[in-house]
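According to UniProt numbering, the sequence shown is numbered sequentially starting from 1. Notes to accompany the following structure.
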Amino acid sequence: MRQVTQASLFGRVDTLSERLYQLHHDLLDHIPHIARIACALYDPDTDLLKTFINCTTEGKAINAYEYRLAASPTLSELARNRTCRVIDQISSEIAPGSAHSDWLLEQGYQSSFTMPMFSGEQLLGFIFVDSKLTSCFNAKAQRDLALFCNLIVMAIDSEFRAIKSLLATAQAAREFAHLRDFETGSHLKRMARLSRLIARAVAERHQLSDEVIEHIYLFAPLHDIGKIGIPDRILLKQGSLSDDERVIMEQHVEKGVQILHKVLGDYELEHLSDSKLMLNIVAYHHEFMDGSGYPNGLLGDEIPVEARIITAADIFDALTSARPYKAPWSPSDALEELERMARAGKLDPECVDAIRSNFDEACRIITELSD
Ligand SMILES: [Fe+2]
Ligand SMILES: [Fe+2]
Numbered sequence: 001m002r003q004v005t006q007a008s009l010f011g012r013v014d015t016l017s018e019r020l021y022q023l024h025h026d027l028l029d030h031i032p033h034i035a036r037i038a039c040a041l042y043d044p045d046t047d048l049l050k051t052f053i054n055c056t057t058e059g060k061a062i063n064a065y066e067y068r069l070a071a072s073p074t075l076s077e078l079a080r081n082r083t084c085r086v087i088d089q090i091s092s093e094i095a096p097g098s099a100h101s102d103w104l105l106e107q108g109y110q111s112s113f114t115m116p117m118f119s120g121e122q123l124l125g126f127i128f129v130d131s132k133l134t135s136c137f138n139a140k141a142q143r144d145l146a147l148f149c150n151l152i153v154m155a156i157d158s159e160f161r162a163i164k165s166l167l168a169t170a171q172a173a174r175e176f177a178h179l180r181d182f183e184t185g186s187h188l189k190r191m192a193r194l195s196r197l198i199a200r201a202v203a204e205r206h207q208l209s210d211e212v213i214e215h216i217y218l219f220a221p222l223h224d225i226g227k228i229g230i231p232d233r234i235l236l237k238q239g240s241l242s243d244d245e246r247v248i249m250e251q252h253v254e255k256g257v258q259i260l261h262k263v264l265g266d267y268e269l270e271h272l273s274d275s276k277l278m279l280n281i282v283a284y285h286h287e288f289m290d291g292s293g294y295p296n297g298l299l300g301d302e303i304p305v306e307a308r309i310i311t312a313a314d315i316f317d318a319l320t321s322a323r324p325y326k327a328p329w330s331p332s333d334a335l336e337e338l339e340r341m342a343r344a345g346k347l348d349p350e351c352v353d354a355i356r357s358n359f360d361e362a363c364r365i366i367t368e369l370s371d
């Protein structure tokens, strides 16, 4: 195997998508006719397999797609037995019927190699390799592939471990600072899922890859991390804040950015492909499209789309949650308020539309994860 593979897989600036692209290229020297390599991530909380990264040179890529692992007896079995599966002739072995198999047949792929990915005992997801040739994956190809696939698993696993330790640090800091007294774990989970819902809906227009969407999902709960630097007398105050207190409260944005820089530095994560995304979420989640937000009074497109997504999700969640001073609003009243704010030029109308067009799912998130 060429040295470049190792270097590109563990390079310090590339996204996982870029690394997969490089790997696919290298792999063609060993096994020609590979038309697609794709990784789907597994979420044990929801039993969902979600498309994550892919490199597709022949055929149309499948993006923003998810399905329950339990709905696929074959994949469930591969995960249970930790084995790979080779199909030599897809057209005679796979029956049409599900969106995924219909798509697979349409692309004209003839043979495939599937491998579950693990981090220790934990299922990370699956790698799918496809070719337009029948019987492309002979014994030698399978050995080569197993090696290449393990490099992919290591790259994904090390990035996710890094992110997990960062999130765990943030969680510990939160608990230490009594932040949990007003910011519940369910709020953070709802923020992750609402933000993902909006990100998926605006993905095509903003060209957000599945990898970026996944990072928005992971980083959304960090948006208010700076509140751990706000004194309890202000953070936990019942009733409205004085002007001076509000000025201090608003500093949670700058404090959040400082904390992230510190933590990213401590974990040597500044190179993490989407650390910029994380910083943007924290730095700009109180900006409004009309320039009336804080701390920078940014206008419209000056606000990164990931921050606009978080702002819409955060306000929707705040309105539909109970607070000491207010009862929860119904989801439809909350959505109407968001639409009013979009008309007034404050919120990104597309992010608000995303909630409107996925309203049932948004309501499900609110009820399933209520405080
Ligand atoms: Fe905030
Ligand atoms: Fe929040």
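Idealized CB from N, CA, C, for every residue including glycine.
* **Residue environment, Leu188, which counts as buried when at least 16 other CB atoms sit within 10 Å** => buried
* Asked: If you pair each beta-carbon of the region 279-292 with each one of the region 331-340, do three or more pairs fall below 8 Å?
  -> no
* To do: Taking 8 Å as the threshold, find out whether the region 205-225 comes into contact with the region 297-314 through three or more Cβ pairs.
  => yes
* Can you tell me the Cβ-Cβ gap for Ser209 and Ser357, rounded? I've got them flagged as a contact below 8 Å. => Between Ser357 and Ser209 the Cβ distance is about 21 Å, and since that is not below 8 Å, they are no contact.
* Asked: Assuming Leu279 and Gly291 make a contact with CB atoms under 8 Å, what is their CB distance in whole Å?
  -> Leu279 to Gly291, Cβ: 21 Å. No contact.
* To do: In angstroms with no decimal places, state the Cα-to-Cα distance between Gln251 and Leu319.
  => 22 Å
* Limits of the beta strand (DSSP E) - the one that Arg85 falls within -> Arg85 to Ile87
* Per DSSP, Ala38 is paired with what? -> Asn54 and Phe128
* To do: May I have the straight-line CA-CA distance separating Ala201 from Phe128, to the nearest angstrom?
  => 25 Å
* To do: Rank Phe126, His223 and Ser321 by C-alpha distance to the C-alpha of Thr51 and give the top, closest one.
  => Phe126
* Using the C-alpha atoms, what's the distance from Gln142 back to Val4? -> Residue placement at Val4 is poorly supported in this model, since its pLDDT is 37, which falls under 50; the coordinates still yield a value, given next. Roughly 21 Å between the two C-alpha positions.
* Asked: Below 8 Å, can you find three or more Cβ-Cβ pairs linking the region 130-141 to the region 100-110?
  -> yes
* **Host alpha helix (DSSP H) of Tyr21 (start-end)** => Leu16 to His30
* Asked: On the three-pair Cβ rule with 8 Å, is the region 141-158 touching the region 13-32?
  -> yes
* Asked: Can you tell which of Met341, Ser275, Asp232 and Ala71 has the C-alpha that lies nearest to the C-alpha of Thr15?
  -> Ser275
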